[in-house]
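Residue numbers (our numbering): 37 to 97. Have a look at the structure below before the remarks.
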Amino acid sequence: MSEILVIGHRNPDTDAICSAIGYAEFKRRTGMRNVVAARCGDINDRVDFVLRTFGIPAPKF
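Pasting the structure below:
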């Protein structure tokens, strides 16, 4: 089965990245094993700070 990518908007900010990560995790925990968080742009310094602080890898690009 192919991957389902959960993507926020272009030029992603913190809420777009965190929402994609959170929704992909929610879908995995409710039975969809092929859901992956992704992004459609580079992450900015604020997003990088949040991800590093919580030890979460950046979504695939």
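The C-beta atom is built at its ideal place from N, Cα and C for all residues, glycine as well. Keep in mind that this is a model prediction, so the values were computed, not measured.
- Residues T50 and I53 of the same chain have their beta carbon placed closer than 6 Å to that of V83, with the five preceding and five following residues left out of the count.
- In the DSSP assignment, I40 forms a beta bridge with V71.
- Listed as beta-bridge partners of K96 by DSSP are A74.
- M37 and A73 have their alpha carbons spaced roughly 16 Å apart.
- Contact annotation, R75 with F97: C-beta distance approximately 6 Å; criterion of less than 8 Å satisfied.
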